[in-house]
Amino acid sequence: FVSENRALVDEYVDVHVNPHLVKRGYYELTAGMLATELARFIYPPVEEKIKHLPAIAGTGDRSNAPEFEQYKRIAKQMKGLTEEDLKKIAEVVDHEAYFWKFMDGKGIIEELLLLSGNLKRHRLLVDSIYPEVEEKQEKALRASLPHVKSVVLPNGIRFNTIDIELFAPKFSYPSPGKLGGLIHDHFKEKYGENSPILTLAYGPDFAVIRASDGMGEYNFDLNMIIPKLQELLPAAGIEGGGHSFAGSIKFFEGMRKEVLEEFAKQVVKLRKA
Amino acid sequence: FVSENRALVDEYVDVHVNPHLVKRGYYELTAGMLATELARFIYPPVEEKIKHLPAIAGTGDRSNAPEFEQYKRIAKQMKGLTEEDLKKIAEVVDHEAYFWKFMDGKGIIEELLLLSGNLKRHRLLVDSIYPEVEEKQEKALRASLPHVKSVVLPNGIRFNTIDIELFAPKFSYPSPGKLGGLIHDHFKEKYGENSPILTLAYGPDFAVIRASDGMGEYNFDLNMIIPKLQELLPAAGIEGGGHSFAGSIKFFEGMRKEVLEEFAKQVVKLRKA
Amino acid sequence: FVSENRALVDEYVDVHVNPHLVKRGYYELTAGMLATELARFIYPPVEEKIKHLPAIAGTGDRSNAPEFEQYKRIAKQMKGLTEEDLKKIAEVVDHEAYFWKFMDGKGIIEELLLLSGNLKRHRLLVDSIYPEVEEKQEKALRASLPHVKSVVLPNGIRFNTIDIELFAPKFSYPSPGKLGGLIHDHFKEKYGENSPILTLAYGPDFAVIRASDGMGEYNFDLNMIIPKLQELLPAAGIEGGGHSFAGSIKFFEGMRKEVLEEFAKQVVKLRKA
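Protein chains in written order, with my numbering: chain A, 1 to 273; chain B, 1001 to 1273; chain C, 2001 to 2273.
Following this line, the structure appears as structure tokens:
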């Protein structure tokens, strides 16, 4: 980004749709929502077919937008999808996407997204895959949890760390990033979303970070910490980013100790507002 | 599997062909044999073209089925393929499959499987690739053997171990799994198939296991050992399986020492029947 | 190769075009040059469209062939491409190829190679990507340089080493091999191409080697050193090669220390002619 409402790419494109152009750092209007609205402008008759997609997208991306509530109402009224249904669909699509990777999975993905309009077949498919997804998540979580170090810092933040390369399955679902999220969710369920919880799952040259809503009182912002680390450790090859409360960092494998220690120092320094 | 002759997938399919449905743990009727028979039912005229495939499949999978002898006779009578030919074809197809990966290799694979019917061209192709395959196998074996630890345990079992990640080529043929098999075969040739030989080739988070026929007297069964390891080490993320005498295990990289030690303990405990 | 002017593949092909068939170890007539000349023989009308390609190829491969000067003149006269343009194109194509991998990138690659004939669009595209390429290279170089060990050996050779796995970005541009080259170029710019400089960038099971022209006085030849290492360390799984002054070695991860130490010994032994 060049400034608040100008992006580098603007020079090369005619139209640039991006939630950041509404407000920098605002991620609640997700890509799936924007894409659906755009599709309606381009080809209005498609609306009927895709009007439940924003609700699925918002569920997967954990949106807090006020529009998300409207989208969920639409999905319920028009397609009969409850919040429970949406959650299942989002998890199953995430699971299938892990295995389809760069292939489009046409057919199965369309069925899962209820684009075929055949609700019965859609339900059969979701209900046959979802238990497997749940089982894989629970199994991975159960095996990884004993390896999580969870400490409460003097400033009150619960700081969870795990070497996700050493203590997680490789090349299988859930991915390290997903498992990091499941571990974080486990602690949120235990202590509450408003409790200040920070989870850092690291590998040899990367870390996945998740923060609870309670970290807001500490003005935690991943996008502020990363530039600070880059400045303090210029020879560590640090890159990364994401949202304020969820994202990832890459660094040189040979500088992991320095990077993680410096990250921890930044967390220890945080003070409740 | 739900029970002896019911599988989870039965609920979703009309027909389920699987050697396990004949007898649990019976792998001698290989996938290639079953697929060929099925093809004959579906489209009888294809028989002439594919009747030698089960002999190739059985050779590659080292089948001991009585039907395999019949299949080899068919391959000899109908297509002129000797056991030596079958072995070469199986090795060359395995080699090509390593490089074609998820691409179908149409053309070359069909030629190698003698589906084109042009025996002369098939022979030229097999004979030009096979020496290269042999050379690669011998070269990798020669370089890896000095790194194999081969000990005879008090119970009489010869136990071979090698760190296949440290002492084998990466991202090239033969793969770690294949090389583990070649090392095992080397010891079988040296001491005899009826001698109790167990080969464990391990990487940072996996192990490939091969047992000689002689391990039968010890009631060795990989599919019995894995659940025991899972029970003893619930936080090691152990998964895996395969046949009774050949298969692989995956585990958390950070728990390798524990897993391999426990595996060795189970082997030490085995007693000759 | 079987001998000076016979290759193994000659048995299977009708025509074999290869700079080595002109003179063994002569790499200055690059693949791009030969392919272009061949294309002209096969389909003369294509000449107009592709006559600037050899100049791009020679720039990317750092050719020293006398023909390269002619090719550059053609590119300048016929398509208006200066040496600066050629360098930019080669770098941008290398960058795009890194991301397109096995996909053909048709469209963008053709535009970058000026095959569309639309010079204005070509320039816009090159000029929009090149600054990004430069920035990525400079950023990676800046972060990696502090981790390079650069020593002058008693025989006068400046020997640079870096663990490129520990101190370089992974799965991103520039690749370890490319970064090794950038580091080498950095030292060449500092001390001069005629100064004897050798750069060895190693990972867990590979090393990338680059030598300056000044190493010629020491009769340095990577293709002589590799067979010597293979002979001295038969159980290290050493493979590799390339040009005399630029190439790579693969070895067993568990034998890295032995291989790198032996390589260093060979370098220490070199004497100025």
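Virtual Cβ for every residue (Gly too), placed ideally from N, Cα, C. Since the model is a prediction, treat every value here as computed from it, not as a measurement.
If one requires a minimum length of 4 residues, the alpha helix (DSSP H) runs lying completely within the stretch 2166-2236 of chain C are 2176-2191, 2222-2232, in chain order.
Taking 8 Å as the upper bound for CB-CB distance, Tyr1130 of chain B and Val1093 of chain B are not in contact here, some 11 Å apart. If you draw a 10 Å sphere on the C-beta of Val1017 of chain B, you find fewer than 16 other C-beta atoms in it, and that means exposed. Ser2144 of chain C: member of the alpha helix (DSSP H) spanning 2119-2144, first to last residue. Between the beta-carbon of Ala90 of chain A and that of Thr59 of chain A there is about 5 Å, and that keeps the pair under the 8 Å contact cut.
Gly1254 of chain B has a beta carbon lying within less than 7 Å of a beta carbon in chain A. Interface criterion not met: the Cβ of Lys1088 of chain B is under 7 Å from no Cβ in chain C. DSSP places Val2268 of chain C in no beta strand (DSSP E) but in the uninterrupted alpha helix (DSSP H) bounded by 2256-2269. Inter-residue distance for Leu1179 of chain B and Pro19 of chain A is about 52 Å (C-alpha atoms, whole angstroms). For Arg1158 of chain B, the enclosing beta strand (DSSP E) has its first and last residue at 1158-1163.
Where Glu253 of chain A is concerned, there is no enclosing beta strand (DSSP E), because DSSP gives it neither an H nor an E. Per DSSP, the continuous beta strand (DSSP E) segment holding Glu239 of chain A begins and ends at 239-242. No Cβ of chain A is located within less than 7 Å of the beta carbon of Leu2179 of chain C.
Counted as a single uninterrupted DSSP element, the beta strand (DSSP E) harbouring Lys2149 of chain C occupies residues 2149-2152.
For the stretch 2145-2178 of chain C, the residues whose beta carbon sits under 7 Å from a beta carbon of chain A are, in order, Pro2146, His2147, Asp2163, Glu2165, Leu2166, Phe2167, Ala2168, Pro2169, Lys2170. Within the stretch 1117-1142 of chain B, not one residue has a Cβ closer than 8 Å to any Cβ of chain A. Beta-bridge annotation (DSSP): Ala1246 of chain B is paired with B:Arg1210. Residue state for Arg62 of chain A is assigned as coil, using DSSP reduced to three classes. Listed along chain C, the residues sitting closer than 8 Å to Tyr12 of chain A by beta-carbon distance are Ser2128. Within the stretch 43-92 of chain A, the alpha helix (DSSP H) runs of at least 4 residues that lie entirely inside it are, in chain order, 47-50, 53-60, 66-79.
Among the residues of chain B, those whose CB is under 7 Å from the CB of Ala2235 of chain C are Ala1143, Pro1146, His1147, following chain order.
With respect to the C-alpha of Lys76 of chain A, the residue from A:Asp61, A:Lys51, A:Ala65 having the closest C-alpha is A:Lys51.
At least 7 Å separates the CB of Asp2104 of chain C from every CB of chain B. Rounded to the nearest angstrom, the gap between the Cα atoms of Asp1104 of chain B and Glu28 of chain A is 43 Å.
The beta carbon of Leu125 of chain A lies closer than 7 Å to those of Glu111, Leu112 in the same chain, with the five residues before and after it left out. Of all residues in the stretch 2205-2217 of chain C, the ones placed with a Cβ closer than 8 Å to any Cβ belonging to chain B are Asp2205, in chain order. Separation of Glu2083 of chain C and Phe252 of chain A (C-alpha to C-alpha, rounded to the nearest whole angstrom) is 35 Å. Within chain A, no C-beta atom comes less than 7 Å from the C-beta of Lys1049 of chain B; the nearest is roughly 30 Å away.
Exposure of Ile1042 of chain B is indicated by the presence of fewer than 16 other C-beta atoms within 10 angstroms of its C-beta. Just measuring C-alpha positions, the residue of C:Lys2079, C:His2147, C:Gly2080, C:Pro2066 sitting nearest Ala2168 of chain C is C:His2147. Taken atom to atom, the span from the alpha-carbon of Lys265 of chain A to that of Ala143 of chain A is near 29 Å. Using a CB distance below 8 Å, the part of the stretch 1239-1266 of chain B facing chain A consists of Glu1239, Lys1250, Phe1252, Glu1253, Gly1254, Met1255, ordered along the chain. At a Cβ-Cβ threshold of 7 Å, Val1268 of chain B and Leu1153 of chain B count as neighbours. Here Pro204 of chain A has Glu165, Glu253, Arg256 as same chain residues with Cβ atoms under 7 Å from its own Cβ, once five neighbours each way along the sequence are excluded.
Taking the Cβ atoms as the reference, Ala2246 of chain C lies roughly 22 Å from Arg2271 of chain C, outside the contact range of under 8 Å.
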